[in-house]
Amino acid sequence: MEITQAHSAHITGIAEIYAWHVLHGLATFETEPPTAQEMHSRLTKVIESGGYWLVALEAGQVLGYCYLAPYRPRYAYRFTLEDSIYMHPEAAGRGIGRALLGEALRLAEADGFRQVVSVIGNSENAASLALHRSLGFQLTGVLKSVGFKHGRWVDTVMMQCTLGAGDTTLPVTSTTLSGRAGTV
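Numbered by my numbering, the letters in the sequence shown go through residues 1322 to 1505 in order.
What follows is the structure, given as structure tokens:
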């Protein structure tokens, strides 16, 4: 298995994985799968905003993906990211998600980010909750019944992971962060 920066060649696999979760799962509150073109637009936006989008590949096939994007657009949030992670259903339980998210967190910490927030759809999503806990995320809250999907009310779970020195030291200058953008 290889973990690498996502790019255009991975969009079909990314879109297929996400479509499965949209149609069958509760991790995302989207109800209509976005097109591959829309997923490419999202990838571009994440990368151009200084975020990270990684894929796990095996024999050229996308097994899963993880991205860290700016948490909110307001400037004061510039040292905080939000994660999203989705696995191909047949690749679940193999440690691939942990490898993906672990690498994304490592990159973000090296670049000076201080916090990562996770908004996990479905408080019964034991695998995602365990994954995040295993990488240092702590529960910060539950928003009860804020979504309605597949005929039921669904919670979202808020978790947070401190990177590096967290809030114990001043951050690096914003120019260090804003100058890091890749190509798609």
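Just so you know, even glycine gets a beta-carbon here, dropped at the ideal spot from N, CA and C. Being a predicted model, the structure only gives us computed values, none of them experimental.
Taking each of His1342, Thr1333, Cys1387 and Glu1353 in turn and checking the Cα distance to leucine 1452, the smallest one comes out for Cys1387. Burial state of valine 1383 is buried, judged by a 10 Å Cβ sphere holding 16 or more other Cβ atoms.
Burial check for phenylalanine 1469: the Cβ neighbour count within 10 Å stays below 16, so the residue is exposed. Taking 8 Å as the cut-off, the beta carbon of alanine 1377 is found closer than this to the beta carbon of isoleucine 1417. DSSP, read as helix, strand or coil, puts arginine 1435 in coil.
Methionine 1408 is positioned such that its CB atom lies no closer than 8 Å to that of valine 1440.
Counting only the Cα atoms, threonine 1333 lies some 6 Å from alanine 1357. The Cβ-Cβ distance between arginine 1435 and glycine 1487 falls below 8 Å. Per the coordinates, the alpha-carbon of alanine 1448 lies some 20 Å from the alpha-carbon of methionine 1322. For glutamate 1411, there is no enclosing beta strand (DSSP E), as DSSP gives it neither H nor E. Straight-line measurement puts the Cα of histidine 1471 at about 8 Å from the Cα of histidine 1345. Judged by DSSP in its simplified three-state form, leucine 1347 adopts coil rather than helix or strand. Ranked by how close their Cα comes to the Cα of alanine 1327, the residues Thr1349, Lys1366 and Pro1355 have Lys1366 in first place. Straight-line spacing of the CA atoms in lysine 1465 and alanine 1431 works out to 35 Å.
A direct Cα-Cα distance of roughly 28 Å separates glutamate 1353 from glutamine 1481. Cα atoms of glycine 1457 and alanine 1429: separation of roughly 14 Å, rounded to the nearest angstrom. Excluding residues up to 5 positions away in sequence, Leu1384 and Gly1385 lie with their Cβ nearer than 6 Å to the Cβ of alanine 1412 in the same chain.
DSSP, reduced to helix, strand and coil, places leucine 1422 within a helical segment of the structure shown.
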